[in-house]
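Okay, structure first, notes after.
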Amino acid sequence: MKILMVCLGNICRSPLAHGILDKKIVEHSLTDWEVDSAGTSGWHSGEAPDSRAIQVAKTHNMDISQQVSRKITKQDLKSYDLILTMDSSNYQDVMNLCENDMQREKVKLVMNYAYPGKNMSVPDPYYDNRFEEVVEMLDIAIEELIASVAAEYHPVG
Ligand code: 4NP
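Using this note's numbering, the first residue of the sequence shown is number 1266, and each one after it goes up by one.
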């Protein structure tokens, strides 16, 4: 299972989502899972995550300092199984990059794993500093993501 976490700048929300899933991959022994992250804008390409994201990650025992921001590519839409977006604008931007329905079906709002059908966005902490809230929201959604994909892979009964 190859998962790409996507936000606008790839320096706040998607690096945290990437770090959270990295940690859960180890905790749940999901040996065939891979995660990466990207931004729709490319504004911060080549940069490390925002220092506030690195700091809040550290308080949750995650080191995201080695991540490097990059812009999403059309190749990502082919090579990833799921593209998980943080808000409705990221969702629309990624959908606009898609070239066929198979790609469009891979694109989801990450919070829908926690609250199906609510189309809830992860608030952008870049301006308002809500980094801790972002980690807590993403932690819930990513735990549900793992449960839902595991259920698909190993249906009960
Ligand atoms: P992110 O947050 O999309 O969660 O990485 C942002 C980072 C940078 C900017 C906006 C949002 N910016 O305007 O540079």
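Don't be surprised by glycine CBs; every beta carbon is placed ideally from N, CA and C.
Near ligand 3: residue i beta-carbon under 7 Å from a heavy atom
| i | result |
| --- | --- |
| Tyr1356 | The ligand content of the structure shown is limited to ligand 1, which means ligand 3 is not among them. |
Between the CA atoms of residue j and residue i - distance to the nearest angstrom
| i | j | result |
| --- | --- | --- |
| Asn1275 | Ala1313 | 9 Å |
| Glu1299 | Ile1268 | 6 Å |
| Met1270 | Ala1379 | 16 Å |
| Pro1390 | Val1400 | 10 Å |
| His1325 | Thr1338 | 30 Å |
| Thr1296 | Ile1290 | 7 Å |
| Gln1332 | Ile1411 | 22 Å |
| Ala1318 | Cys1277 | 6 Å |
Residue i, DSSP secondary structure in three states
| i | result |
| --- | --- |
| Ser1279 | helix |
| Ser1353 | helix |
| Leu1347 | strand |
| Ala1313 | coil |
Inter-residue CB distance, residue i and residue j (contact presumed, cutoff 8 Å)
| i | j | result |
| --- | --- | --- |
| Ile1329 | Pro1280 | 5 Å |
* Asked: Looking at C-beta atoms only, is the number of pairs between the stretch 1348-1355 and the stretch 1366-1375 that lie closer than 8 Å three or more?
  -> yes
* Under 7 Å, CB to nearest heavy atom of ligand 1: contacting residues -> Cys1272, Leu1273, Gly1274, Asn1275, Ile1276, Cys1277, Arg1278, Ser1279, Gly1304, Trp1308, His1309, Asp1315, Met1351, Asp1389, Pro1390, Tyr1391
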